[in-house]
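In my numbering, the protein residues as written are -1 to 103.
Each residue gets a CB set at the ideal place from its N, CA and C atoms; glycine is no exception.
Report on the structure given below.
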Amino acid sequence: MTTPKERAGDGGALIDPALLDRCRAVLRRAPAGLLSDIDGTLSDIAPTPADAFVAEGIKESLRRLAARLALVAVVSGRAAEAGRTMVGVDELLYVGNHGMERLRG
């Protein structure tokens, strides 16, 4: 039995199980892609930007998704290089400065 919200990965994010099921159904369609913000989504909000990090379990999930989907990208208000350094998954596309920069991992 699941609770109304579950913890995802080791980053501590709360996930609504119904939303997770819907996302899984969409991602089974081909071609499919996933874009996600970093701060507050892949990482918890931290007291300062320098304190933010992406947990290893989240990174591993992104690696698995990148192997299955046509595109996995992370988007940030940070510089694209800062996003790449923070997430550190080579298979992703990094979009920084609110869409003004793009880097392949």
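Where residue i sits in the DSSP three-state scheme
i: Arg82; result: helix
i: Ile13; result: strand
Residue(s) in a DSSP beta bridge with residue i
i: Val72; result: Ser34 and Tyr92
i: Glu99; result: Gly94
For residue i, the nearest candidate out of the options (CA to CA)
i: Lys57; options: Asp49, Arg20, Val70 and Ala28; result: Val70
i: Ser74; options: Leu17, Leu18 and Ile36; result: Ile36
Distance between residue j and residue i (C-alpha atoms, nearest Å)
i: Ala23; j: Val72; result: 21 Å
i: Arg62; j: Asp42; result: 21 Å
i: Gly38; j: Ala48; result: 14 Å
i: Ala30; j: Ala44; result: 31 Å
i: Asp88; j: Arg66; result: 15 Å
Neighbour flag for residue i against chain D, beta carbons, 8 Å
i: Asp14; result: The structure shown contains no chain D; it is built from a single protein chain.
Contact belief for residue i with residue j at Cβ below 8 Å, rounded distance in angstroms
i: Ala80; j: Gly103; result: No, Ala80 and Gly103 are not in contact; Cβ-Cβ is about 13 Å, not under 8 Å.
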